[in-house]
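Undergrad:
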Amino acid sequence: MSEARWIGKSVKRVEDARLLTGRGTYIDDHPPVANVCHAAIVRSPLPHAAIRGYDLSAALALEGVVGAITGADVARHTKPFSVGVTAPIHYYCAATDRVRFVGEPVAVVVAKNRYVAEDAADLVRVDYGPLPVVVDPERALDTTAPVLHEAVGSNLAGNRRLVYGEPDRAFREADVVLTERFSFPKYGSTPIETYGVIARWDPIDGVCTVWSNFMGPFIMHPLTARVLGLAENKLRFIVPTDIGGSFGIKSSIYPYIALIALAAMRLSVPVKWIEDRREHLLASSSGTDRVAYRELAARKDGTILGMRFKWLDNVGGYIRSPEPGCSFRPTGNFVGPYRFQHLEVDASVVMTNKSLTGPNRGYACGHLYFETEGMMDRLADRLGLDPAEVRRKNLVQPDQFPYRTPSGGLYDSGDYPAVLERALQLARYDELRREQAKARATGRYVGIGLALAVDPSVSNMGYVATALDPQFRAKPEYLPKSGAVDAATIKIDPLGRVIAILGTTPQGQGHQTVVSQIVADELGLAPQDVTVVDEMDTFTRVWSISSGTYSSRFGSVGTSAVALAARKLKAKLVEYGAHLMELPVASLEFRDGAVRPRSGKGPSYSIKDLAGRAHWNTESLPEGMEPALQATAVFGFTVAKAVDAQDRVNSSNTYGFIAEVMAVEVDPETAAIQILRYVTVHDAGTIINPMIAEGQIYGGALHGLGGALYEELAYDEHGQFLTGTFMDYLVPTASEAPQIDIAHIVSPSPLTPLGSKGLGESSSMTVPAVIANAVSDALAPLGIWINELPMTPSKLWTAMARACRSHAKSEGQR
Amino acid sequence: MVTVRLKVNGVAHEGRCEPRKLLVDFIREDLGLTGTHVGCEHGICGACTIMFNGEAARSCIMLAVQADGAELGTVEGLMRDGKLHPLQEAFREHHGLQCGFCTPGMLITALDLLRTNPSPSDREIREGISAVLCRCTGYQGIVNAVRAAAPILASGR
Chain A
0 MSEARWIGKS
10 VKRVEDARLL
20 TGRGTYIDDH
30 PPVANVCHAA
40 IVRSPLPHAA
50 IRGYDLSAAL
60 ALEGVVGAIT
70 GADVARHTKP
80 FSVGVTAPIH
90 YYCAATDRVR
100 FVGEPVAVVV
110 AKNRYVAEDA
120 ADLVRVDYGP
130 LPVVVDPERA
140 LDTTAPVLHE
150 AVGSNLAGNR
160 RLVYGEPDRA
170 FREADVVLTE
180 RFSFPKYGST
190 PIETYGVIAR
200 WDPIDGVCTV
210 WSNFMGPFIM
220 HPLTARVLGL
230 AENKLRFIVP
240 TDIGGSFGIK
250 SSIYPYIALI
260 ALAAMRLSVP
270 VKWIEDRREH
280 LLASSSGTDR
290 VAYRELAARK
300 DGTILGMRFK
310 WLDNVGGYIR
320 SPEPGCSFRP
330 TGNFVGPYRF
340 QHLEVDASVV
350 MTNKSLTGPN
360 RGYACGHLYF
370 ETEGMMDRLA
380 DRLGLDPAEV
390 RRKNLVQPDQ
400 FPYRTPSGGL
410 YDSGDYPAVL
420 ERALQLARYD
430 ELRREQAKAR
440 ATGRYVGIGL
450 ALAVDPSVSN
460 MGYVATALDP
470 QFRAKPEYLP
480 KSGAVDAATI
490 KIDPLGRVIA
500 ILGTTPQGQG
510 HQTVVSQIVA
520 DELGLAPQDV
530 TVVDEMDTFT
540 RVWSISSGTY
550 SSRFGSVGTS
560 AVALAARKLK
570 AKLVEYGAHL
580 MELPVASLEF
590 RDGAVRPRSG
600 KGPSYSIKDL
610 AGRAHWNTES
620 LPEGMEPALQ
630 ATAVFGFTVA
640 KAVDAQDRVN
650 SSNTYGFIAE
660 VMAVEVDPET
670 AAIQILRYVT
680 VHDAGTIINP
690 MIAEGQIYGG
700 ALHGLGGALY
710 EELAYDEHGQ
720 FLTGTFMDYL
730 VPTASEAPQI
740 DIAHIVSPSP
750 LTPLGSKGLG
760 ESSSMTVPAV
770 IANAVSDALA
780 PLGIWINELP
790 MTPSKLWTAM
800 ARACRSHAKS
810 EGQR
Chain B
0 MVTVRLKVNG
10 VAHEGRCEPR
20 KLLVDFIRED
30 LGLTGTHVGC
40 EHGICGACTI
50 MFNGEAARSC
60 IMLAVQADGA
70 ELGTVEGLMR
80 DGKLHPLQEA
90 FREHHGLQCG
100 FCTPGMLITA
110 LDLLRTNPSP
120 SDREIREGIS
130 AVLCRCTGYQ
140 GIVNAVRAAA
150 PILASGR
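Pasting the structure below:
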């Protein structure tokens with residue numbers, strides 16, 4: 000880099016002007032093709048039933064209806080999606096012979112407009128034969144439970160027992176062993192823009208073009224092509240510049256891409272489908288609900304020797320890729336920021352009659368840290384230590400980086416104790432404890448919680464294979480998987496103007512702004528001189544399996560590709576300048592937007608000057624130099640390796656760190672939780688745009704808070720869905736959002752050219768833990784430990800009332 | 000089909016639609032003003048909020064025919080003389096938006112708040128904008144933007 004003038008500055012976003020004036024281009028805004036017809040999806044009202052037949056006659060007779068497809072067409076003309084486990088689960092883009100959750104697509108009606116399509120969808124008759132239902136993951140594994148997939152023989156989609164070190168010995172040698180059961184709710188980050196797909200089939204070229212707000216990973220492109228029976232270069236995915244939020248949820252749109260593409264292909268019309276909110280809550284995607292059994296082995300001084308995790312992850316009616324990432328995405332950071340070496344993970348992926356799951360902000364890490372950090376507080380309580388002390392004692396130390404975890408993670412950089420101390424200091428932790436003691440003395444329920452998390456960014460595709468048995472992976476026909484790459488192109492046009500072209504799919508993260516900052520610094524320009532084009536198109540962009548904007552990857556891998564492309568281009572400019580000046584390359588440098596002699600003496604060539612000559616007079620180029628001033632760089636992490644025979648895998652590539660302190664007060668009358676103080680300190684390496692980084696933290700924190708206090712995609716015991724509107728599925732509003740004190744510590748990553756790491760998921764993974772710990776601490780006088788989310792007032796009030804009653808009873812007995 | 004005549008951002012429009020057509024669909028599809036967004040179609044998320052005869056209203060739970068003869072304001076009408084409105088400027092300055100999808104409804108709602116309460120406290124701002132759901136920002140940037148814009152708008156009155 001020449002010098003950092005723009006990196007590290009809160010540069011205002013270039014995206015904002017268009018978004019503030021209603022000129023964004025979201026999927027629903029601009030029909031990209033003429034004569035688009037509109038689809039309505041017929042969905043199952045039953046959680047589990049055989050499909051015995053369809054009657055489309057009334058629907059097709061309605062004026063304005065173009066046609067319809069059903070599960071029978073899906074079975075005939077598509078293949079099931081490949082799934083991440085070996086169990087024989089046939090997951091098609093719509094139900095074919097049986098429905099397995101309320102809201103599962105069974106047919107698509109296409110009409111001249113959405114109103115007519117919905118009228119017609121109501122007229123589709125599906126003959127269902129109801130079947131018994133199971134929604135609870137533990138109950139689903141009973142031998143008497145109804146089985147969703149007969150070919151599998153049970154509701155277990157997969158199970159892996161992963162052993163690292165010698166956990167049995169750790170538990171034998173422990174002074175203290177703690178056990179606890181936790182349960183984590185099913186919730187989704189519910190972007191305000193729902194899913195949208197527009198598909199056009201060209202029977203002459205044999206090309207299906209799909210516009211959608213899909214966010215990647217683009218591994219789903221070849222999978223979808225296979226499902227539709229198309230060659231990859233006959234299926235074109237285009238993603239509009241603007242996506243209205245996603246938080247992982249829109250990675251699971253791809254079955255709808257297949258379904259709407261099939262409708263377009265069968266009915267020979269362009270088809271548009273925009274999901275409505277009810278459909279979104281009913282059947283888009285969410286994180287898994289999980290039942291976890293945790294065991295912790297420690298010495299009496301608080302040193303953790305080992306842990307055991309037993310998980311039941313509920314993936315719903317089928318397993319949809321990238322599940323079972325719910326269990327394995329954090330494989331490398333299973334141990335979090337702690338040094339213990341012995342770990343056993345028993346992960347079961349269970350199918351029930353609920354909607355399907357997938358990545359949701361903090362993918363699997365909200366679950367992981369809710370449990371681990373809960374155990375840390377229970378250990379502190381058991382040993383009579385301060386929760387901060389018991390954490391300090393177990394942290395990975397600064398001189399241990401790069402740190403290899405027992406499960407294969409490679410933490411690239413960090414200073415965990417420094418981040419923890421900064422959080423404690425910002426929160427005025429000791430003072431908080433004194434205030435708490437005073438408050439308790441007057442009968443108030445004030446509590447303080449801590450939570451620490453290793454924040455993984457840029458998933459290594461290889462982690463997915465942890466779901467498979469090592470014996471399976473050892474077969475000669477098995478192809479190992481690994482990788483995390485991103486690409487960028489930068490070009491200089493004939494008058495010297497710079498355009499950067501990305502293949503990412505931002506959903507509000509401000510990639511255009513961030514890239515303009517990086518390119519400006521690298522090429523000695525101002526950010527406003529750089530035009531950034533960000534519209535993913537699988538036909539024109541350089542991309543790979545892992546491309547996309549997910550797993551907090553842009554700040555790490557995407558920015559690296561941009562920096563490398565700029566450096567490649569810069570090297571070319573210097574070489575060209577050297578040729579023009581007849582000087583050795585080594586005597587020149589690129590500084591302040593021009594190629595100059597290092598000595599400072601003699602002429603210099605600006606970008607504009609070089610661009611003009613290079614474009615208009617290719618004869619002026621040195622022999623062998625490729626004409627045109629452009630460079631494409633593909634950045635890939637060399638630390639992204641396939642899972643090994645001992646199930647060790649570096650599941651992400653860069654690893655940040657988060658330390659949080661929260662103080663709460665619980666109202667004894669209403670069980671309402673008031674946040675008194677909330678401090679979060681992050682280490683995400685170099686921060687490119689602090690304003691944007693802070694925005695990610697605020698947003699992530701509120702997602703965590705929603706899951707901890709309000710949000711649950713709830714079902715009754717009959718499998719009926721209970722939260723189909725925003726009146727039932729409660730999303731935090733501005734009135735519920737806390738004030739946050741944010742600070743950063745910077746440990747640059749040695750693996751990225753700019754030293755940056757990802758930050759996008761951020762506090763979504765810590766807030767469930769920190770607030771649960773704070774509430775447990777507040778209610779310690781009543782002996783209440785939070786082990787279940789969301790902490791709705793009714794649940795909390797019931798627990799408090801019960802505790803008060805038993806307290807009164809024991810007082811009476813005394 | 001019925002005829003709907005109305006003014007949007009000061010410009011007269013006329014369109015024909017089915018009586019059941021939602022106002023937001025009429026605005027987006029018939030008038031081509033796609034800045035107003037649809038987020039829930041049941042009146043909770045607030046993305047579709049517009050000015051309806053001078054007051055904030057949800058265009059997803061109104062019919063187009065109800066707007067016959069009405070004066071509407073949408074996000075497209077906020078700029079003046081090619082410049083961002085002070086509230087838009089404040090949103091940009093204070094990072095009051097990320098994906099931008101709720102933003103049009105948020106801007107209109109905040110303007111309605113500042114119209115009725117020109118110098119709101121933080122608590123009143125939070126309550127005022129709680130009619131619109133945002134999933135990106137954690138609301139802090141929005142609160143900061145509305146707070147910063149309030150005196151500018153008040154002085155311009």
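Chains as they are written, first to last, in numbering that gives the first Met the number 0: chain A, 0 to 813; chain B, 0 to 156.
Yeah, the Cβ is synthetic: ideal placement off N, Cα and C, and Gly gets one too.
It should be emphasised that the depicted structure is a prediction, and the values quoted were computed from it without experimental measurement.
(1) What are the residues that DSSP puts in a beta bridge with Asp533/A?
(2) Are Ile744/A and Thr679/A close, meaning C-beta to C-beta below 8 Å?
(3) Pair every Cβ in the region 141-153 of chain A with every Cβ in the region 106-125 of chain A, then say whether three or more of these pairs are closer than 8 Å.
(4) From which residue to which residue does the beta strand (DSSP E) around Met306/A run?
(5) Tell me the rounded alpha-carbon separation between Ile203/A and Val268/A.
(6) Near Lys756/A, what residues of its chain come up, given a Cβ to Cβ distance below 6 Å and the 5 sequence neighbours on each side ignored?
(7) In this structure, does DSSP put Met61/B in helix, strand or coil?
(8) When you compare each of Tyr292/A, Ser481/A, Ser761/A and Lys567/A to Thr637/A by their alpha carbons, which one comes out closest?
(9) Of all Cβ atoms in chain A, is any one closer than 8 Å to the Cβ of Pro103/B?
(10) Quick one: is Glu75/B near chain A, going by C-beta distance under 8 Å?
(11) Between Val115/A, Ser56/A, Val84/A and Val41/A, which lies nearest to Ala101/A when the distance is taken from Cα to Cα?
(12) Restricting to Cα atoms, I'd like to know which of Asp454/A, Glu103/A and Leu266/A is closest to Tyr127/A.
(13) So Gly305/A and Ala363/A are supposed to be a Cβ contact under 8 Å. How far apart are they, rounded?
(14) What separation, rounded to the nearest whole angstrom, lies between the Cα atoms of Glu92/B and Leu311/A?
(15) At the level of alpha carbons, what is the spacing between Thr48/B and Ala56/B?
(16) Ends of the beta strand (DSSP E) at Cys207/A?
(17) Using the C-alpha atoms, what's the distance from Thr189/A back to Gly23/A?
(18) Please report the distance separating the alpha-carbon of Leu96/B from that of Lys185/A.
(19) How is Met350/A classed by DSSP in three states: helix, strand or coil?
(20) Would DSSP call Tyr25/A helix, strand or coil?
(21) Please return the same chain residues whose Cβ sits closer than 7 Å to the Cβ of Ala560/A, not counting the five positions on each side in sequence.
(22) Counting only beta-carbon atoms, is Phe100/B nearer than 8 Å to chain A?
(23) Taking only the alpha-carbon atoms, compute the straight-line gap between Trp5/A and Ile517/A and give it to the nearest angstrom.
(24) By Cβ distance below 6 Å, which residues in the same chain neighbour Gly66/A in space, the five residues on each side in sequence not counted?
(25) In chain A, which residues lie less than 8 Å from Ile151/B when you measure between Cβ atoms?
(26) Let me make sure I understand the geometry here. Which of Ile273/A, Ala671/A and Gln396/A has the alpha-carbon closest to that of Ile252/A?
(27) For the alpha helix (DSSP H) containing Tyr368/A, list its first residue and its last residue.
(28) Which residue or residues does DSSP assign as beta-bridge partners of Tyr127/A?
(29) Below 7 Å between beta carbons is the criterion; list the residues of the region 182-216 of chain A that meet it against any residue of chain B, in chain order.
(30) To be precise: take each residue of the region 497-510 of chain A, compare its Cβ to all Cβ atoms of chain B, and keep it if any distance is under 8 Å. Which residues remain?
(31) Let me see if you follow: with CB-CB separation under 8 Å, is Thr20/A close to chain B or not?
(32) Only counting the same chain, and skipping five residues up and downstream in sequence, which positions put a Cβ closer than 7 Å to that of Val142/B?
(33) Scan the region 458-498 of chain A and note each continuous beta strand (DSSP E) run of 3 residues or more that stays entirely inside, going in chain order.
(34) From the DSSP output, which residues share a beta bridge with Thr48/B?
(35) If you measure between the beta carbons of Ile489/A and Ala630/A, is that distance less than 8 Å?
(36) Got a sec: is the Cβ-Cβ distance from Met78/B to anything in chain A below 8 Å?
TA: Taking the definition as stated:
(1) Paired residues: Leu501/A.
(2) Contact: no.
(3) These segments do not touch.
(4) Note, Met306/A: beta strand (DSSP E), Ile303 to Gly315.
(5) C-alpha separation (whole angstroms): 13 Å.
(6) The residues are Ser456, Ser555, Thr653, Gly655, Ala683, Gly684 and Ser748.
(7) DSSP places Met61/B in the coil class of the three-state scheme, outside both helix and strand.
(8) The candidate whose alpha carbon is nearest that of Thr637/A is Ser481/A.
(9) When Cβ-Cβ separations below 8 Å define contact, Pro103/B makes contact with chain A.
(10) True, the Cβ-Cβ gap to chain A drops below 8 Å.
(11) The residue asked about is misnamed: residue 101/A is Val in this sequence, not Ala. Val101/A has its Cα closest to that of Val41/A, out of Val115/A, Ser56/A, Val84/A and Val41/A.
(12) The candidate whose alpha carbon is nearest that of Tyr127/A is Glu103/A.
(13) For Gly305/A against Ala363/A, the beta-carbon gap comes to about 21 Å, at or over 8 Å, which does not count as contact.
(14) Their Cα atoms are separated by approximately 45 Å.
(15) Taking the straight line from one Cα to the other gives about 5 Å.
(16) Residues Val206 to Ser211.
(17) Their backbone Cα atoms lie some 20 Å apart in a straight line.
(18) So the two alpha carbons sit approximately 27 Å from each other.
(19) Annotated three-state conformation of Met350/A is strand, per DSSP.
(20) DSSP, read as helix, strand or coil, puts Tyr25/A in coil.
(21) So the qualifying residues of the chain are Asp485, Ala486, Ala487, Ala632, Val633 and Phe634.
(22) For Phe100/B, the answer is yes, since a Cβ of chain A falls inside 8 Å of its Cβ.
(23) Looking at the two C-alpha atoms, the distance is approximately 7 Å.
(24) Close CB contacts of Gly66/A within its chain, under the 6 Å cut and outside five residues either way in sequence, are with Val109 and Leu266 (chain order).
(25) Near Ile151/B there are no residues of chain A at all, since even the closest Cβ is about 15 Å away, more than 8 Å.
(26) Each of Ile273/A, Ala671/A and Gln396/A was checked against the Cα of Ile252/A, and the nearest Cα belongs to Ile273/A.
(27) Here the alpha helix (DSSP H) through Tyr368/A covers Cys364 to Leu382.
(28) Residue pairing from DSSP places Tyr127/A in a beta bridge opposite Ile50/A.
(29) Hits within the stretch, in order: Ser188, Thr189, Pro190, Ile191 and Glu192.
(30) Within the region 497-510 of chain A, the qualifying residues are Gln506, Gly507, Gln508 and Gly509.
(31) Thr20/A counts as touching chain B.
(32) Contacts found: Asp121, Ile124 and Arg125.
(33) If we require 3 residues or more, the beta strand (DSSP E) runs fully inside the region 458-498 of chain A come out as 484-491.
(34) Paired residues: Arg57/B.
(35) Contact: yes.
(36) Cβ-Cβ to chain A under 8 Å: yes for Met78/B.
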